[in-house]
Every structure is written in structure tokens, then in C-alpha cells.
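Undergrad: Numbering (numbering that gives the first Met the number 0), first residue to last: 0 to 124. No residue lacks a Cβ here, since even glycine has one placed at the ideal position from N, Cα and C. First the structure, which I've put down as C-alpha cells, then a few questions once you've had a look.
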Amino acid sequence: MDLSHTPYLIYAPGTPEAKTHQLKFGVNTIGRGMDNSIVLIDESLSRQHAEITLAQDGVTITDRNSLNGTFVNESRINHSKLKHGDLIYFGKVICQFVEGIAHPKAQLFQNSTDSEISILKQVSP
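As C-alpha cells, then:
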């Protein structure tokens with residue numbers, strides 16, 4: 000896994016209710032029980048529904064014997080690798096796994112002549 004990215008889970012992606020949950024290195028538990036890393040209050044979730052594990056060799060998801068199952072891109076899973084953009088269904092709750100956005104590195108732009116200066120946007124009078 001590329002540690003320059005911050006992976007996260009988006010609850011209800013593409014809706015006004017969307018919420019972002021940052022994932023930590025190691026095990027992230029998901030369920031409606033208050034003792035989980037990520038608590039999603041919905042009756043279709045088990046108290047301890049699933050877990051997402053971030054490790055050096057990748058990101059995996061494991062169903063924790065939930066009643067309504069865990070699905071990745073509409074396929075029921077017991078254990079599966081995750082990749083950027085995967086849709087995850089915990090019961091009736093939809094989330095999306097996103098690897099994150101790399102921290103931008105500064106770029107140096109040079110004009111054809113060193114004496115030229117270009118104004119891209121004026122920010123004050």
C-alpha cells in the first residue's frame with residue numbers, strides 16, 4: 000500500500016448525507032455497535048459487521064459473520080482485497096473505498112526566458 004495516500008471510506012457517496020471516515024493502518028472495525036472504529040447506525044448492519052485491514056501489502060475487507068452480509072461491487076464476500084473506487088454494501092448501507100489523494104508536490108514552471116513573468120491571477124489591487 001502506498002502510504003503517501005490517506006485511504007478512507009465514504010458513507011452514502013454522491014448524496015447530501017455523504018460522510019468521510021479516514022481509515023487507520025491496521026484493523027478498522029465497522030458495525031452499529033458503539034465499540035467499532037466506524038459506527039454506522041442502521042438496522043441492516045450487525046453490531047460487529049465487518050473489518051477493513053490496511054497493511055503494507057494492500058487493503059482487505061472481511062465479513063464478521065454478519066446477518067445481512069458484506070458485498071463488494073454487488074458480490075457477496077467473506078474476505079476480499081479492496082481497490083480504489085470499490086462500492087461496499089454493509090447490509091443496506093452503501094460506502095465507497097477511496098485510496099485518497101496524494102499530497103501534491105510543488106512543481107517548478109519555467110518560461111522560455113528567465114526574465115518573463117506571467118500573472119495568472121491578481122489577488123489584490
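Taking the CB atoms as reference points, tell me whether threonine 59 and leucine 81 lie closer together than 8 angstroms.
TA: Looking up residue 59 in the sequence shown gives position 60. Looking up residue 81 in the sequence shown gives position 82. Contact flag set, yes.
Undergrad: Tell me where the beta strand (DSSP E) around threonine 126 begins and ends.
TA: The chain is shown from 0 up to 124; residue 126 falls before or after that span and cannot be answered.
Undergrad: Quick check on glycine 25: does DSSP put it in helix, strand or coil?
TA: For the purposes of this step, residue 25 is taken as the residue at position 26 of the sequence shown. Glycine 25 falls in the strand class under three-state DSSP.
Undergrad: In its own chain, which residues sit with a C-beta less than 7 angstroms from the C-beta of isoleucine 9, not counting the 5 before and 5 after it?
TA: Mapped onto the sequence shown, residue 9 falls at position 10. Same-chain partners within the cutoff: Ala17, Thr19, Cys94, Gln95, Val97.
Undergrad: To the nearest whole angstrom, what separates the beta carbons of alanine 54 and arginine 63, a pair I think is in contact under 8 angstroms?
TA: Along the sequence shown, read from residue 1 onward, the residue named residue 54 stands at position 55. Along the sequence shown, read from residue 1 onward, the residue named residue 63 stands at position 64. So it is not a contact: roughly 18 angstroms between Cβ atoms.
Undergrad: Nearest by alpha-carbon distance to isoleucine 87: which of Ser36, Ala11, Arg46 is it?
TA: Your numbering for residue 87 matches position 88 in the sequence shown. Comparing Cα-Cα distances from isoleucine 87 to each of Ser36, Ala11, Arg46, the minimum goes to Ala11.
Undergrad: Measuring only between beta-carbons, confirm whether aspartate 56 sits less than 8 angstroms from chain B.
TA: Looking at the structure shown, chain B is missing, and only one protein chain is on hand.
Undergrad: Comparing alpha-carbon positions, which option in Gly13, Val38, Met33, Asp34 lies nearest glutamine 21?
TA: The residue you call residue 21 lines up with position 22 of the sequence shown. The option with the nearest alpha carbon to glutamine 21 is Val38.
Undergrad: What are the boundary residues of the beta strand (DSSP E) that valine 41 is part of?
TA: As a first step, residue 41 is located in the sequence shown; it is residue number 42 there, counting from the start. The question names valine, but residue 41 in the sequence shown is aspartate. Note, aspartate 41: premise wrong, no beta strand (DSSP E); not H, not E.
Undergrad: Rounded to whole angstroms, what's the CA-CA distance from threonine 5 to aspartate 34? Just pull it up for me.
TA: If you number the sequence shown from 1, residue 5 lands on position 6. If you number the sequence shown from 1, residue 34 lands on position 35. Computed Cα separation, rounded: 23 angstroms.
Undergrad: Going by the CB atoms, is the gap between isoleucine 29 and isoleucine 51 shorter than 8 angstroms?
TA: Translated into positions along the sequence shown, residue 51 becomes position 52. Translated into positions along the sequence shown, residue 29 becomes position 30. Contact: yes.
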